[in-house]
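Just so you know, the protein sequences line up as chains G and S, in that order.
Counting in the working numbering, the first sequence runs from 1 upward without gaps.
Counting in the working numbering, the second sequence runs from 212 upward without gaps.
As structure tokens, the structure follows; a few thoughts come after it.
2 protein chains.
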Amino acid sequence: MPKDGSKTRTLLLDTALELALENGLASTSIDEILEKAKLTKGTFFYHFKSKDELALELVKRFVEQDHALYLDAIARVESLSRDALQQVLLLCGLAAEMFKDGPENPGCLMASYCYEGQLFNEESRKACETQLRQWADWIEDKLKEAAKTRKPAPANLRQVAEMFQVIFEGAFILARTYKEPDIIAKQVLAYRDLVEALFNAGPAPRSRRKG
Amino acid sequence: MPKDGSKTRTLLLDTALELALENGLASTSIDEILEKAKLTKGTFFYHFKSKDELALELVKRFVEQDHALYLDAIARVESLSRDALQQVLLLCGLAAEMFKDGPENPGCLMASYCYEGQLFNEESRKACETQLRQWADWIEDKLKEAAKTRKPAPANLRQVAEMFQVIFEGAFILARTYKEPDIIAKQVLAYRDLVEALFNAGPAPRSRRKG
DNA sequence: CATGTTATACAAACTAGTCGGTATAAATAC
DNA sequence: GTATTTATACCGACTAGTTTGTATAACATG
């Protein structure tokens, strides 16, 4: 049996991801990836038949990893509380924790592809869309379930659910512009507080408050 | 009197902006810009001494235009209401209106530069940061003023203020991923509802509600 | 007549992708 | 158990095309 090439392939993908998040994939040359990974051209084209294929594999893997994270996260919060609203709030806390002391220049490959039209073809776009909607769907379900018992203030709960992703994507950009990586955790927590307030600001008869 | 070249310069910037938002500036060649603008190479290098200079001028102009928008928007909302919270809520409504029936592929040049490291040098980054902070500072002031009279639920008001930009940058990315341009207006309105709820969910003694 | 614009040619560097060849290690033959 | 085959993994020089930027001569215009 020949030597295992999957390590090399992973190294190529990891290196490409790092450079893509920093400088964009379009302006990252294959040579640059190879120099950083200390590999050579032949190897690259042995594993990927073109740069476009690398681009596609890269985003596919990114989406897969995000999906795994999603499955893990919802399993954890659903085991921590039976209450739908609490589960959403816990998810935010979990997410904030993940980004405490995270990478100094955090980013999202999907966002990067968004602004590099050629990479964002129907296949990669659709893969991103599907994964993003999964998060929003879960949160929307939970918010609507919560809305049955505790009446929230008027707001479109679908939009509030989608805002979870919006916060991340937006916070990445502010983090880079401000050079403040911890803005991500802070924003998710602010989002959590706003959602909590939404369900505490519901129509009239309120009770059960500490004050 | 010599011929006025500012029209040509503006055309070059406009064309470059359009292509940069679509495909990224790094992967947009000068020839591409010139073909679309129906100009020639000599003209380009008459107006800009390099592609890097174009990149810088492009983001400077973008920031300037955003600043003008900012001045206009706060002047309008401050004339529409004396109440600080209402001013913030009105700003959201105004912003949402701006993005109703906006461009089909809306985006932000700053976000684009964020993921194209080479373009995002200290000069352009700083220009973006300054402008973004201006919006956040204004909103933070208003929220803190509002917090004096109506006690909001607990939340970091600085983060809530910064979230205004976060929503935009994030919504641009979702709009592109979902191919739903109207998500931007919807998200700003959802943000507005959340902020309103925050100030309606404050500690105990509540009165003056329609219910 | 200075400023702005066209048109074209060119060079130097860079980039994606090709191709012939090498290394390794397991599978098989003898 | 040594020799041979075979498939996979990897190397690095090379090609063809693109890109930025320069040069230059002529034309337009206010």
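Backbone N, C-alpha and C fix where the C-beta goes; we use that ideal spot for every residue, glycine too.
- The criterion of a C-beta distance shorter than 9 Å is satisfied by Y389/S and L132/G.
- Neighbourhood of L269/S in chain G, by CB distance below 9 Å: empty, with the nearest CB roughly 14 Å away.
- In terms of Cβ geometry, L265/S and F259/S form a close pair [threshold 9 Å].
- For C108/G, there is no enclosing alpha helix (DSSP H), since its DSSP letter is neither H nor E.
- For Y191/G, the uninterrupted alpha helix (DSSP H) segment begins and ends at I183 to N200.
- Closest in C-alpha terms to A386/S, from the list L174/G, A155/G and V166/G, comes V166/G.
- Chain G places a beta carbon closer than 9 Å to that of P363/S, counting this residue as a contact.
- Around the beta carbon of S29/G, fewer than 16 other beta carbons sit within 10 angstroms, so the residue counts as exposed.
- Using beta-carbon distances, Q276/S does not count as an interface residue toward chain G, since no partner is under 9 Å.
- The Cβ atoms of L405/S and A197/G sit closer than 9 Å to each other.
- In the three-state reduction of the DSSP assignment, R125/G falls in the helix class, which pools H, G and I.
- The alpha carbon of Y402/S has as its nearest neighbour, out of G381/S, P392/S, D352/S and A231/S, the alpha carbon of G381/S.
- Judged by beta-carbon spacing, V188/G lies beyond the 9 Å limit of F172/G, meaning their Cβ atoms are not closer than that value.
- Apart from sequence neighbours up to five positions away, the residues of its chain that approach P392/S with a beta-carbon distance below 8 Å are F310, G313, P314, E315, N316, P317 and A386, ordered along the chain.
- Leaving aside the five residues that flank C303/S on each side, the residues in its chain whose CB is nearer than 7 Å to its CB run, in chain order, V399, L400, Y402 and R403.
- Annotation for N234/S: no residue places its beta carbon closer than 7 Å to its own, counting only its chain and skipping 5 residues before and after.
- Between T15/G and K36/G, the C-beta spacing is below 9 Å.
- K359/S and K262/S have their C-alpha atoms some 50 Å from each other.
- Put simply, the CB of M163/G is near chain S, with a gap under 9 Å to one of its CB atoms.
- Leaving aside the five residues that flank R272/S on each side, the residues in its chain whose CB is nearer than 7 Å to its CB run, in chain order, L224.
- Residues of chain G whose Cβ lies closer than 8 Å to the Cβ of A366/S are, in chain order, A190, D193, L194 and A197.
- Under a criterion of Cβ atoms nearer than 8 Å, the residues of chain S adjacent to S27/G are, in order, G235, A237, S238, E327 and Q329.
- Listed in chain order, the non-local C-beta contacts of A96/G below 7 Å within the same chain comprise A185, V188 and L189, local neighbours out to five positions each way being set aside.
- With a threshold of 9 Å between beta carbons, E123/G makes no contact with chain S.
- Taking a cut-off of 8 Å on C-beta distances, the segment 59-76 of chain G does not touch the segment 279-294 of chain S, as fewer than three cross pairs fall below it.
- The residue from L305/S, V270/S and R361/S with its alpha-carbon nearest to that of A295/S is R361/S.
- A check of alpha carbon separations from V59/G across E18/G, V88/G, K142/G and F45/G identifies E18/G as the nearest.
- If you ignore the 5 residues before and after E140/G, its C-beta comes within less than 7 Å of the C-beta of L157, R158 and A161, all in its own chain and listed in chain order.
- Shown here for A237/S: same chain residues with a beta carbon closer than 8 Å to its own, the five before and five after excluded, namely E327, Q329 and L330 in chain order.
- Interface residue (Cβ-Cβ distance to chain G less than 9 Å): K247/S is not classified as such.
- Under the Cβ distance rule, I30/G does not count among the residues neighbouring chain S, no pair being separated by less than 9 Å.
- Contact of Q297/S with chain G by beta-carbon distance below 7 Å is absent, the smallest such distance being about 16 Å.
- Apart from sequence neighbours up to five positions away, the residues of its chain that approach E57/G with a beta-carbon distance below 8 Å are L13 and F48, ordered along the chain.
- For N234/S, the enclosing alpha helix (DSSP H) starts and ends at S217 to N234.
- In terms of beta-carbon proximity, G313/S stays away from the interface with chain G, with every pair separated by 9 Å or more.
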